[in-house]
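*Asks:* Below: one structure in structure tokens.
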Amino acid sequence: MSGKQETWSKEAGYVWSMIGSAVGFANVLSFSALCYKNGGGAFLLPYIVAHLVVGLPLLFLEGIVGQQTKLPIVTAMGRAAGSLGKVVGWLAVFTCATIAGFYLVLTGFSVAYTYFTATGSVGVDTAQFFKHTFLHDSGSLGQWGGLAFGVLLSTFLVAGFAWAVLARNIRSGVERLCTVFLPMLAVFVVLFSVATLFLPGSAEGIRNYLVPDFSRLKEWALWRDVFGQVFFSLSLGLGIVTGYARHNPKSFSIPRAMVKVALGDFLISFIAGFAIFGCMGFMSGRSGVAFSSLVSSDSAFEIGFVIFPMILSQFGETASRIIGPLFFFCVFIAGVTGVFSIVESVAGNIEVEFGKSRKQAVGIAMTAIFCLCIPFCMGNGQHLLGALAPMVMGNALLIGGIFEIVIFLLLSEQIREDSIWFSKGKRTLFFYSLKFVVLPMLTLSLIGALYQEMRTNFGGPELVRWSWLLIVLAAGSYLATRKKQVAHEPV
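When you line the sequence shown up against my numbering, it's residues 124 to 614, in that order.
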């Protein structure tokens with residue numbers, strides 16, 4: 124790697140890019156799906172608490188690691204904890220690459236549905252169209268089925284767009300696009316939410332969204348979903364936040380920036396919930412189906428690509444061809460800005476660890492990630508995603524978060540003694556929250572997840588996710604112990 128490291132031009136550009144990293148399908152679709160599953164307001168209250176107790180402290184930690192070391196996650200962990208740190212760092216990179224593989228595909232869904240809703244192609248049976256016409260669903264993990272060319276084509280378009288943006292320098296690429304796209308997304312989401320307030324029956328949906336059933340707070344599954352949503356939505360435990368923050372000038376305020384990021388992430392989710400629940404209330408009134416029976420699963424796919432097109436049909440042909448493309452364009456913005464951050468994290472580690480130029484690193488990362496997309500474009504792609512999700516979007520994130528706290532907060536004096544953890548000479552609550560609340564919570568969650576996994580009958584899904592883990596750990600171990608190709612001077 125040669126030349127001076129690029130930086131963001133303005134703190135506002137960095138904040139918008141970070142919000143773009145945080146805001147994604149988890150905000151526009153998954154958040155509403157989890158609220159629906161967990162009793163609306165009963166999910167909102169602990170979600171706010173989780174943002175404060177878990178989200179902000181981890182954002183501070185990952186942000187200050189990147190800003191202080193100017194290194195991506197693999198090299199930063201290697202500096203602090205040697206080869207073991209690098210193995211964990213590479214686990215985060217391979218997790219990012221895998222997530223990017225299906226995230227590109229999901230963003231491709233939004234591109235395809237922007238076209239489908241504009242042309243009125245979905246039809247009345249939205250589930251049939253999504254599962255069979257579009258996905259070519261094979262019905263099971265064990266049956267590959269045919270390649271869904273529509274999915275592959277839309278994914279290729281997203282990958283090409285992401286490469287064109289990321290291959291540029293950080294200012295003219297990611298920063299410029301996110302500074303335009305994210306305010307646009309915010310405006311669209313607010314307009315959608317306001318518009319739904321005038322729909323007949325929307326009040327019933329919004330009541331289900333906001334009024335909490337406090338008895339649901341006793342359920343372990345609700346808290347698991349809350350913390351999982353915060354972790355995934357804010358891109359924690361993956362080195363993504365560190366990857367963006369390494370481009371920060373020293374003058375940027377991590378606390379100020381991260382408070383804005385966490386607030387923006389929550390507000391987009393919260394406001395989008397009004398639009399989704401309002402439309403579902405409208406749908407319930409029009410169809411005569413009870414609100415609690417509208418959705419048969421907590422899948423974001425069902426709400427986004429089955430239920431919402433069904434709702435569109437209630438608006439009439441002309442209105443649906445306007446509202447549908449705008450909605451799915453919002454989903455595209457949320458998805459592609461997340462793609463930027465995930466690929467940036469992978470490419471940044473390739474750039475530093477292998478001494479590549481930015482364009483070379485982005486090209487290698489995008490090529491590898493597009494290859495990972497192809498299995499998710501097959502007829503069993505959604506079943507493959509379901510098999511991998513508990514490991515890739517669950518255990519791997521927990522492992523990353525645990526080791527980040529142990530390595531940087533407990534072992535690295537540079538990070539542990541940074542001024543971000545002090546106020547008037549005393550340790551802040553964020554420091555103690557990470558050490559005494561977040562670390563035990565993540566550890567217990569990982570133990571609980573592994574215990575539950577061991578109690579599950581071993582079958583195809585378990586074989587897929589454990590094979591994935593063994594392969595990436597083996598690859599990470601090899602890369603962590605290889606002879607360094609590039610010497611890095613201490614920062």
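Using N, Cα and C, we set each Cβ at its ideal position, and we do this for glycine too.
Since the structure is predicted, the reported quantities are computational estimates derived from the model, not experimental observations.
Would you check if the distance between the CB atom of residue 316 and the CB atom of residue 442 is smaller than 8 Å?
*Replies:* Contact: no.
*Asks:* Near residue 508, what residues of its chain come up, given a Cβ to Cβ distance below 7 Å and the 5 sequence neighbours on each side ignored?
*Replies:* 225, 499.
*Asks:* Under 8 Å by Cβ, that's how I've got residue 599 and residue 271 pegged, so tell me the actual separation to the nearest angstrom.
*Replies:* About 31 Å; that fails the 8 Å criterion.
*Asks:* Go through its chain and collect everything with a Cβ distance to residue 135's Cβ below 7 Å, but skip five positions before and after it.
*Replies:* Nothing meets the Cβ criterion.
*Asks:* Quick one: measure Cβ to Cβ for residue 515 and residue 221, integer angstroms, because I've assumed they're closer than 8 Å.
*Replies:* Right, their Cβ atoms sit about 5 Å apart.
*Asks:* For the alpha helix (DSSP H) that contains residue 497, what are its first and last residues?
*Replies:* First-last for residue 497: undefined, no H or E at that position.
*Asks:* Kindly list the residues whose CB is nearer than 6 Å to the CB of residue 186, restricted to its own chain and excluding five residues on each side of it in sequence; keep chain order.
*Replies:* Same-chain partners within the cutoff: 364, 368, 377, 381.
*Asks:* Which partner residues of residue 545 appear in the DSSP bridge assignment?
*Replies:* DSSP output for residue 545 lists 550 as bridge partner(s).
*Asks:* Output the boundary residues of the alpha helix (DSSP H) element that contains residue 177.
*Replies:* Careful: residue 177 lies outside any alpha helix (DSSP H) and carries neither H nor E.
*Asks:* Taking just the CA atoms, how far does residue 551 sit from residue 168?
*Replies:* Distance between the alpha carbons of residue 168 and residue 551: 24 Å.
*Asks:* Return yes when the Cβ of residue 227 is within less than 8 Å of the Cβ of residue 460, no when it is not.
*Replies:* Not in contact: residue 460 and residue 227 (Cβ atoms no closer than 8 Å).
*Asks:* Look at the Cβ atom of residue 145, then the Cβ atom of residue 384, and state whether they are nearer than 8 Å.
*Replies:* Yes; because the gap between Cβ atoms is below 8 Å, this pair is in contact.
*Asks:* Which residue marks the beginning of the alpha helix (DSSP H) containing residue 468, and which one marks its end?
*Replies:* Residues 440-477.
*Asks:* How big is the Cα-Cα spacing for residue 179 and residue 359?
*Replies:* For residue 179 and residue 359, the distance between alpha carbons rounds to 10 Å.
*Asks:* Which word fits residue 494, buried or exposed, when buried means at least 16 other C-beta atoms lie within 10 angstroms of its C-beta?
*Replies:* Label assigned to residue 494: exposed.
*Asks:* Within 10 angstroms of the Cβ of residue 247, are there 16 or more other Cβ atoms? Answer buried if so, exposed if not.
*Replies:* It counts as exposed.
*Asks:* Using the Cβ count rule (16 or more neighbours within 10 Å means buried), how would you classify residue 323?
*Replies:* That one is exposed.
*Asks:* Can you tell me whether DSSP reads residue 335 as helix, strand or coil?
*Replies:* Strand, per DSSP.
*Asks:* Nearest-angstrom Cα distance between residue 405 and residue 157?
*Replies:* Cα to Cα, residue 405 sits roughly 19 Å from residue 157.
*Asks:* Measure how close the beta-carbons of residue 312 and residue 394 come, nearest whole angstrom, since I'm counting them as under 8 Å.
*Replies:* 5 Å between Cβ atoms; contact.
*Asks:* I think residue 432 touches residue 162, with their Cβ atoms under 8 Å apart; what is that distance to the nearest whole Å?
*Replies:* No, residue 432 and residue 162 are not in contact; Cβ-Cβ is about 26 Å, not under 8 Å.
*Asks:* Among 429, 605, 387, which residue has its Cα nearest to the Cα of residue 142?
*Replies:* The shortest C-alpha separation from residue 142 is found at 387.
*Asks:* Distance check for residue 309 and residue 519, CA to CA, integer angstroms please.
*Replies:* One C-alpha to the other measures close to 31 Å.
*Asks:* Is the stretch 247-256 close to the stretch 520-534, with three or more CB pairs under 8 Å?
*Replies:* No, because fewer than three Cβ pairs between the stretch 247-256 and the stretch 520-534 fall closer than 8 Å, the two stretches do not touch.
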